[in-house]
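Working notes, beginning with the structure itself.
2 protein chains.
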Amino acid sequence: PNIGQPQNYHFLSREEQFTRALAVSSKMIQVKKKLGLLEMSPNIFYYHLNAEIPFLLHDVVFLGCIKSLASDEQLKEWLPLALNYKLIGCYSQTELGHGSNVQGLETTIHYIKETDEFEINSPTLTSTKWWVGGLGKLCTHTVVFGQLWLKDEHGQLTNYGPHAVLVPIRSLEDHTPLKGVTVGDIGPKLGFAGVDNGYLRLDHVRVPRSNMLQRFARVSPEGLYIKPPHSRLIYAGMVGVRVHIVEDSFTHLSRAITIATRYSVVRRQFKGPNDPKTESKVLDYSNQMNRIFPHIATCYAYFFAGKHLSSCHERMKADIKARKDISLLPELHANSAGLKTVVTYGTSEGIEACRLACGGHGYSKFSGLPTLQNNYVHVVTAEGENNILPQQTARYLLKMLKSASEGKPITGDSVRYIQDEFSSEFNSINQFMSANKLSTLFDLRVLLQLFKRRSFMQIRSMAMAIQDGLSSNSENVASVWSELNVEALRVNKAHCQYFVLNSFITSINSIPADGPIRNVLTRLCKLYALYNLERDLSEFLQESYLSINEIEPIRREIRTLFKEIRPDAVSLVDAFDIPDFTLGSALGRYDGRVYETLWEWAHNQPFNKNSVVNGYDQYLKPLIKSKL
Amino acid sequence: PNIGQPQNYHFLSREEQFTRALAVSSKMIQVKKKLGLLEMSPNIFYYHLNAEIPFLLHDVVFLGCIKSLASDEQLKEWLPLALNYKLIGCYSQTELGHGSNVQGLETTIHYIKETDEFEINSPTLTSTKWWVGGLGKLCTHTVVFGQLWLKDEHGQLTNYGPHAVLVPIRSLEDHTPLKGVTVGDIGPKLGFAGVDNGYLRLDHVRVPRSNMLQRFARVSPEGLYIKPPHSRLIYAGMVGVRVHIVEDSFTHLSRAITIATRYSVVRRQFKGPNDPKTESKVLDYSNQMNRIFPHIATCYAYFFAGKHLSSCHERMKADIKARKDISLLPELHANSAGLKTVVTYGTSEGIEACRLACGGHGYSKFSGLPTLQNNYVHVVTAEGENNILPQQTARYLLKMLKSASEGKPITGDSVRYIQDEFSSEFNSINQFMSANKLSTLFDLRVLLQLFKRRSFMQIRSMAMAIQDGLSSNSENVASVWSELNVEALRVNKAHCQYFVLNSFITSINSIPADGPIRNVLTRLCKLYALYNLERDLSEFLQESYLSINEIEPIRREIRTLFKEIRPDAVSLVDAFDIPDFTLGSALGRYDGRVYETLWEWAHNQPFNKNSVVNGYDQYLKPLIKSKL
Ligand SMILES: Cc1cc2nc3c(=O)[nH]c(=O)nc-3n(C[C@H](O)[C@H](O)[C@H](O)COP(=O)(O)OP(=O)(O)OC[C@H]3O[C@@H](n4cnc5c(N)ncnc54)[C@H](O)[C@@H]3O)c2cc1C
Ligand SMILES: Cc1cc2nc3c(=O)[nH]c(=O)nc-3n(C[C@H](O)[C@H](O)[C@H](O)COP(=O)(O)OP(=O)(O)OC[C@H]3O[C@@H](n4cnc5c(N)ncnc54)[C@H](O)[C@@H]3O)c2cc1C
């Protein structure tokens, strides 16, 4: 398969696409081996490949999993094999019947003392592992999550909940499935045609006891359960994945806005406002700016938020390493879950907006946008579904509010505002609001105060709604919680937008004052704030800092920002410096040769090799030549 | 190709998919011929086929075009050929460089008096026809739009603007492109793999003068331009397409909500609020209702709005037929353009929401949702781009406001409210608001007043913003208009939501009072209203009918509606009675056998025929068997 012409990728059948993905992977691995980069973080490769290849799951998910769940001895044995791709692994958690509710997994793991083995079994149809990337066709091994059952002294079976075991599933000789293993690909998907998300059924498959991932819990030869020292540490791994998703969103959104912005200065349509003779660049229409600029602002905002979150993560990892101190974990867990949701939604929305802003040509795969979008959006669902994670974040924030109300100190940097707001009430904001309300309103410090206050008030009003629900309806907590799901999402969004805005402003403040870069970023930051404020205006109005008289001025300010940002728009996306190959887009090319490229790619595609289509003789000729 | 197993469609290459589409089409046409249904509206076939086939463009777009633009004599000749598929046509308007701006087309049509022919030419790369469905591989003829150039008495060339000519492009003998014709497929797209959107370059191609579509304008043998009697009539055809899109949205959205609702009562996840022993149906979580129910309400709302709009269209067509009376055209033109935008956005959004509500399995093509979505969303861009059409509607509404302010009577049923509001100001609403504000607020009549008022106020505030812009900045109209693009969209949305709500309420009022159906629909209608009100709350607050004190009660009422609608949810989608074949979804099956079907379709797909994947020997074996 020809790796160099990604535009022809779309003409392959699903099977051919997968084989091509293997070819691309094999090339990538050759390069890594040659340059001695096998241990390097794989992200840079995936970034530039711009291809969906199944090794991603091995490089990122499987290796990430064993690094966090396997013991040092296990790693010593497995890591060299895995880094050299002699062992290719994947992560089998989800089942046909269970995704979000991991506690409900049905796969069983029983210890067989006689042979010192675990026996893993899929007892029902719905216990079939499903969705596992790399499983369908590629991997030789997989980490299987199942319910661990052990016998106590009296022979009584006890369930210790989900645990992970490394299971070989394909022969290292000829790649055929091992005995007791039924494995395959789960079928076509919205995106990721080059990845073999798979299914797996295990029929009483045995593995040695030492295959259980045992950094935390372990099972003794007698079949006794040995508890993990820090059960919460187990979650530290999941946090890492979400931090990565937040940081990585930037690499996707930046592509979309690069394509849409560049195309919008090549594309001209209608004799325009600026010059009655030539057609206007579509980016000169305020509506086009409205479709694209907020996402440029968001992209920069997410970049800084990702950096901020990642530095919190590094701090936590250092604490754990230095003194097994996990005190930063709960806050990071809440923030990473919440931001994962807000950022993946925002990124998906931005990519789609950019695609639509390219008009008809955005619907062509040659624009690069359909594939970018279809591949990206799975993140909204995977690694913690976006409607379930925010519930965890909201729970954490409500707990912080409770602490504040009980006078207990809140230590987390990102949530300390709950305490401040709780004690200061309306004062903090009034300090900033001068007589000349509007010029102050568009000051970043004031905007930050508004977002902070809005988040606090959302948390507080959710707490009050829970109180109401519990007292008035005498319902149980679970049903009150379920009824307030939507409020949890609202709370999460408010908190995370504050987090993002705060990160953005902090980063701007670290740039020398009054330089041009600082000015440009300040405008973007203002746009990020005002755009989101305008979208949820009622939540801000509700707290009476703003009145309805500010609605029109806010909209006017947004229009003014568009005009101010317009001259820098192209530079703002050129700054990402994404190579044309990586972008894979006829519309987003650096040199602007949009139409020439569309023509070339379309005209030369395999489908146009023959001038008469397959099926003409059988299906068309009889119609066209029929008698009237 | 196997027509009966659409789940295997996804494994074909693009070329194979197209050939399969031809096979499906040929089968369809056989059935139509056998049953004598060649003249029947094709929509019912496309509805049930649930396949993207290129004949759609012939049946709907090409036939629609010649029916509205060809003269009676031309139709007499062409229609029998077209209805029997001896002539297969398509609609070539868009060019590589011009879509929305039809006036900017570059293709030329010159009259050659000597031979009584037109010569059609593509003078530039960007004049290449592009995106035309059915053009790439299928059709024998196409209607080409180009600039008509005619010489006046003095031999001076004059441009009469875009006109349409029927051009044969492929041999009726062997389907090869005719001389001077360069034609092909434009490449892979987000959806519609079975359709051959194509490109076309014409190198001084000649056709007889009689091939110009001449219901309206025509050219005499001497090369003189004969003006159309009613130039506006030309737009009547476009109106028809948009009315159809509005009506048809229902058939797409109803599929998505059927799939998501049915799946959500099969899918169980987490021990839930209602029963601590079994897992809850996910539809019992209020958040899941929040993700799906507003779209059920919207689907019903669009159904009634579509019927309403279509009856206006029928009325106009009857007027034109009876007495060439086109007085209803401007209003219908504005409403159909505006509703096309609002309804296609709402439908796309609903389909995506339903897909996401299915969690991981919604990302599988076996859910039916990715294909539904990817195929549908092109409508947001095609047939009038969704950010350009609303500008026309806003212009019309502003004109109505001007009429009202000048005391001129407004006759259109759907816009008369502008006059009423203009004269009555705040009175109308106050009549409805009783002392007990909230119980009244949730009355449909009051909600309708709120939407009406909000629309009027948006129109008025846009008019004021234009005034401001013109006077204060001394800018020209075009640049003020461009700056206020976003406001035009806002105006359009407000007007169209009022139109939709009004249609919904009128339909409910025609149902016998207090019957169960009326109650169910009333709840849906309320949800439609409150859901949209809540989303644009600030626009409603701005007019001071509502105060921030009503925000919480509105949210509470929405939660109450969820609980009230929940028992009817499944019946509400079963009522659409969509056959399983038409739905093409493992998740949406009527019998609920979700997991069995997923397993069967996945396990039996062609990709799983061989247990060792193509490429193992070449790409994987060397890795797995390499030395450490
Ligand atoms: C492309 C892709 C790749 C994947 N790769 C892997 C992989 O490599 N390994 C692996 O193990 N898994 C993988 N997965 C699976 C993924 O982790 C799950 O799909 C994800 O966890 C969501 O779970 P679910 O599909 O069961 O959704 P469900 O939990 O069934 O959700 C269905 C709906 O119910 C709602 N819902 C459920 N519970 C609640 C509640 N308590 N309150 C309110 N609403 C609720 C959800 O919000 C959602 O709308 C992958 C999935 C995809 C799409
Ligand atoms: C699937 C599909 C099928 C199609 N089938 C056919 C067919 O059979 N025959 C045919 O002739 N055509 C067909 N088309 C083409 C279609 O009609 C055009 O794509 C559509 O008209 C949009 O035009 P455009 O692509 O030129 O967008 P543009 O007009 O180039 O729009 C690009 C961007 O600029 C913005 N913009 C442009 N002008 C303004 C303005 N004045 N103010 C503010 N913003 C502006 C738009 O909003 C958009 O965001 C098809 C397209 C698709 C996607």
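Protein sequence lines, in the order shown, are assigned to chains A and B. Residue numbers for the first sequence follow the working numbering, beginning at 97 and rising by one. Residue numbers for the second sequence follow the working numbering, beginning at 97 and rising by one. Virtual Cβ for every residue (Gly too), placed ideally from N, Cα, C.
Find out if the Cβ-Cβ distance for the pair A:Ala-625, A:Leu-543 is shorter than 9 Å. Numbered from its first residue, the first sequence carries residue 625 of chain A at position 529. Numbered from its first residue, the first sequence carries residue 543 of chain A at position 447. Yes, the pair counts as a contact, with Cβ atoms nearer than the cut-off.
Would B:Pro-702 count as contacting chain A if we go by Cβ distances under 9 Å? Counting from 1 along the second sequence, the entry for residue 702 of chain B is found at position 606. Interface residue, yes.
Using a C-beta cutoff of 9 Å, does A:Val-263 count as contacting chain B? Residue 263 of chain A sits at position 167 when you count from the first residue of the first sequence. Closer than 9 Å: no.
Could you tell me which chain B residues have their CB closer than 9 Å to the CB of A:Trp-174, listed as they occur along the chain? Along the first sequence, read from residue 1 onward, the residue named residue 174 of chain A stands at position 78. Near A:Trp-174 there are no residues of chain B at all, since even the closest Cβ is about 12 Å away, more than 9 Å.
Taking the CB atoms as reference points, tell me whether B:Tyr-187 and B:Leu-153 lie closer together than 9 Å. Residue mapping note: residue 187 of chain B aligns to position 91 of the second sequence, counting from 1. Residue mapping note: residue 153 of chain B aligns to position 57 of the second sequence, counting from 1. Yes.
Flag B:Val-438 as yes when its Cβ comes closer than 8 Å to any non-hydrogen atom of ligand 2, and as no otherwise. Stepping through the second sequence from its first residue, residue 438 of chain B is reached at position 342. Checking the Cβ of B:Val-438 against ligand 2 gives no.
Check whether the Cβ of B:Cys-235 lies closer than 8 Å to any heavy atom of ligand 2, and answer yes or no. To locate residue 235 of chain B, count along the second sequence from 1; it is residue 139. Outside the cutoff, so no.
Tell me the rounded alpha-carbon separation between A:Gly-336 and A:Ser-551. Walking along the first sequence from the start, residue 336 of chain A turns up at place 240. Walking along the first sequence from the start, residue 551 of chain A turns up at place 455. Their Cα atoms are separated by approximately 25 Å.
Name the DSSP bridge partner or partners of B:Lys-367? Here residue 367 of chain B refers to the residue found at position 271 when the second sequence is read from its first residue. Paired residue(s): B:Glu-375.
Do you know whose CA, among B:Val-339, B:Ala-289, B:Leu-379, lies nearest B:Ser-406's CA? Translated into the one-based positions of the second sequence, residue 406 of chain B becomes position 310. Nearest option by C-alpha distance: B:Val-339.
In this structure, how does DSSP classify A:Val-228 when only helix, strand and coil are distinguished? The residue you call residue 228 of chain A lines up with position 132 of the first sequence. If DSSP states are grouped into helix, strand and coil, A:Val-228 belongs with the strands.
So which of A:Lys-403, A:Tyr-472, A:Gln-515 has the shortest CA-CA distance to A:Leu-493? Here residue 493 of chain A refers to the residue found at position 397 when the first sequence is read from its first residue. Closest option to A:Leu-493, Cα to Cα, is A:Gln-515.
Helix, strand or coil for A:Tyr-686 per DSSP? In the first sequence, counting from the first residue as 1, residue 686 of chain A sits at position 590. Three-state DSSP puts A:Tyr-686 in coil, outside helix and strand.
Could you give the first and the last residue of the continuous alpha helix (DSSP H) run that contains A:Val-362? Here residue 362 of chain A refers to the residue found at position 266 of the first sequence. Counting along the chain, the alpha helix (DSSP H) containing A:Val-362 begins and ends at 331-362.
Which listed residue (A:Gly-280, A:Tyr-256, A:His-237) has its alpha carbon closest to that of A:Leu-268: Your numbering for residue 268 of chain A matches position 172 in the first sequence. Nearest of A:Gly-280, A:Tyr-256, A:His-237 to A:Leu-268, Cα basis: A:His-237.
Taking the Cβ atom as the reference point for each residue, do A:Arg-351 and A:Phe-672 lie within a distance shorter than 9 Å? Residue 351 of chain A sits at position 255 when you count from the first residue of the first sequence. Residue 672 of chain A sits at position 576 when you count from the first residue of the first sequence. Contact: yes.
Candidates B:Glu-410, B:Thr-272, B:Glu-169: closest to B:Phe-312 by CA position: Within the second sequence, the letter at position 216 stands for residue 312 of chain B. Ranking the options by Cα distance to B:Phe-312, first place goes to B:Glu-169.
Please tell me whether, using a cut-off of 8 Å, the distance from the CB of B:Arg-363 to the nearest non-hydrogen atom of ligand 1 is below it. In the second sequence, counting from the first residue as 1, residue 363 of chain B sits at position 267. It does: the Cβ of B:Arg-363 is within 8 Å (strictly closer) of some heavy atom of ligand 1.
Buried or exposed: which applies to B:Ala-418, given that a residue is buried once 16 or more other Cβ atoms fall within 10 Å of its Cβ? Walking along the second sequence from the start, residue 418 of chain B turns up at place 322. With fewer than 16 other Cβ atoms within 10 Å, it is exposed.
Pairwise C-alpha distance: A:Ala-698 and B:Asn-180: Here residue 180 of chain B refers to the residue found at position 84 of the second sequence. Here residue 698 of chain A refers to the residue found at position 602 of the first sequence. Computed Cα separation, rounded: 31 Å.
For A:Glu-249, which three-state DSSP category applies? In the first sequence, counting from the first residue as 1, residue 249 of chain A sits at position 153. Looking at A:Glu-249 - three-state DSSP - the assignment turns out to be coil, as it is neither helix nor strand.
Would you check if the stretch 615-632 of chain A and the stretch 390-403 of chain A touch, i.e. whether three or more CB-CB distances between them fall below 8 Å? yes
Please tell me whether A:Arg-451 has its Cβ less than 9 Å away from any Cβ of chain B. For the purposes of this step, residue 451 of chain A is taken as residue 355 along the first sequence, with counting starting at 1. So yes, A:Arg-451 belongs to the interface.
Mapping DSSP to helix, strand and coil, what is B:Glu-213? Numbered from 1 along the second sequence, position 117 holds the residue referred to as residue 213 of chain B. Strand.
Limits of the beta strand (DSSP E) - the one that B:Arg-512 falls within: The residue labelled residue 512 of chain B in the question sits at position 416 within the second sequence. Note, B:Arg-512: premise wrong, no beta strand (DSSP E); alpha helix (DSSP H) at 512-520.
Sort A:Val-616, A:Gly-257, A:Arg-266 by Cα distance to A:Thr-204 and report the nearest one. Here residue 204 of chain A refers to the residue found at position 108 when the first sequence is read from its first residue. Nearest of A:Val-616, A:Gly-257, A:Arg-266 to A:Thr-204, Cα basis: A:Gly-257.
Cα separation between B:Gln-126 and B:Pro-138? To locate residue 126 of chain B, count along the second sequence from 1; it is residue 30. To locate residue 138 of chain B, count along the second sequence from 1; it is residue 42. Going by the C-alpha atoms only, they are around 14 Å apart.
Whose C-beta lies closer than 6 Å to the C-beta of A:Ser-223 among residues of the same chain, with five residues either side of it excluded? Locating residue 223 of chain A in the first sequence gives position 127, where the first residue counts as 1. Within the same chain, A:Ser-223 has close Cβ partners Glu-191, Glu-202, Thr-203.
Could you tell me if B:Ile-216 is buried or exposed, where buried requires 16 or more neighbouring beta carbons within 10 angstroms of its beta carbon? On the second sequence, position 120 is the one that residue 216 of chain B refers to. Buried: at least 16 other Cβ atoms inside 10 Å.
Is it the case that the Cβ atoms of A:Asn-383 and B:Asn-471 are separated by a distance below 9 Å? Here the question's residue 383 of chain A lines up with position 287 in the first sequence. Here the question's residue 471 of chain B lines up with position 375 in the second sequence. Cβ atoms of A:Asn-383 and B:Asn-471: not closer than 9 Å.
Are there any heavy atoms of ligand 2 lying less than 8 Å away from the beta-carbon of B:Trp-227, as far as the coordinates show? The count along the second sequence starts at 1 and reaches residue 227 of chain B at position 131. Answer for B:Trp-227: yes, Cβ within range of ligand 2.
Could you give the distance in angstroms between the alpha-carbon of A:Ala-531 and the alpha-carbon of A:Arg-549? As a first step, residue 531 of chain A must be located in the first sequence, where it is residue number 435. As a first step, residue 549 of chain A must be located in the first sequence, where it is residue number 453. Caution is warranted here: a pLDDT of 44 is assigned to A:Ala-531, below 50, making its placement in the model unreliable, and no coordinate value can be reported.
Tell me which residue opens and which closes the alpha helix (DSSP H) that B:His-429 is part of. On the second sequence, position 333 is the one that residue 429 of chain B refers to. B:His-429 -> alpha helix (DSSP H) spans 425-453.
With a cut-off of 8 Å on the beta carbons, I'd call B:Leu-244 and B:His-259 a contact; round off their distance for me. Within the second sequence, numbered from 1, the residue matching residue 244 of chain B stands at position 148. Within the second sequence, numbered from 1, the residue matching residue 259 of chain B stands at position 163. Indeed they touch by this definition, with Cβ atoms about 4 Å apart.
Residue from B:Phe-547, B:Val-157, B:Asn-307 whose Cα sits closest to the Cα of B:Leu-597: Within the second sequence, residue 597 of chain B is the residue found at index 501, counting from 1. Out of B:Phe-547, B:Val-157, B:Asn-307, B:Phe-547 has the C-alpha closest to the C-alpha of B:Leu-597.
Using DSSP bridges, identify the partner residues of A:Met-308. Position 212 of the first sequence, counting from 1, holds the residue named residue 308 of chain A. Paired residues: A:Val-261.
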